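Asker: Each step along the sequence shown adds one to the number in this note's numbering, with nothing skipped, and position 84 is 537. All C-beta atoms in this analysis are idealised placements derived from N, C-alpha and C, irrespective of residue type, glycine included. Everything numeric in this text was worked out from a predicted model, so none of it was measured. This is the structure, below, for whatever I ask next.
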Amino acid sequence: LLSRQVAWKMACERTFNFHAGQAERTSIFSEPDLVEKRIRATLPVNLREIELRIDVARHYHRPSGRLPAGGQNFLLDPAICTPRELHDDELFQSLPTSFSIFRVYSKDHRHDAALHAAVNAVLGAVADSKTNM
Numbered sequence: 454l455l456s457r458q459v460a461w462k463m464a465c466e467r468t469f470n471f472h473a474g475q476a477e478r479t480s481i482f483s484e485p486d487l488v489e490k491r492i493r494a495t496l497p498v499n500l501r502e503i504e505l506r507i508d509v510a511r512h513y514h515r516p517s518g519r520l521p522a523g524g525q526n527f528l529l530d531p532a533i534c535t536p537r538e539l540h541d542d543e544l545f546q547s548l549p550t551s552f553s554i555f556r557v558y559s560k561d562h563r564h565d566a567a568l569h570a571a572v573n574a575v576l577g578a579v580a581d582s583k584t585n586m
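Quick look at the structure:
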């Protein structure tokens, strides 16, 4: 590792958000082996046996207490002509409750385009977010 001789190279990565009411456990990510089988089935025949590793990293948002940005976000209420502080629950209600980072690793980058196309075929194509939040 110190000489940057890493055996596995990341071929593609996708992030999936789960909001309130969406169960991550019922998603395809609850069974990474199933995702790998589907990706392999979508690859061209000559690439179906290449060495792959699938990683699904889960993250759960647990905001608690006053966050470092507390007291810095305000909303001007035109009815009373005074700004009011936005509380953490208002700031975070539109954020996902959890998300999964899905990564596909291979031994080299020769087949990244084919792996990316297979991931899009299995998981759906991605689009840019409308905001940076």
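Which same chain residues end up closer than 6 Å to ASP565 when comparing Cβ atoms and leaving out the 5 residues on each side of it in sequence?
Answerer: ALA464
Asker: Taking buried to mean at least 16 other C-beta atoms within 10 Å of its own C-beta, is VAL498 buried or exposed?
Answerer: exposed
Asker: Please indicate yes or no: does the CB of LYS462 lie closer than 7 Å to some heavy atom of the ligand PLP?
Answerer: For the ligand PLP, the structure offers nothing, since it holds no ligand at all.
Asker: Could you check which residue in ALA510, PRO536 and TYR558 has the C-alpha nearest to that of ASN470?
Answerer: Measuring from the Cα of ASN470, the nearest candidate turns out to be ALA510.
Asker: When DSSP labels each residue in this structure, what does PRO485 get in the three-state scheme?
Answerer: helix
Asker: What does the Cβ neighbour count give for SER559, buried or exposed, with the cut at 16 atoms within 10 Å?
Answerer: Under the 10 Å beta carbon count, SER559 is surrounded by 16 or more other beta carbons and is classified as buried.
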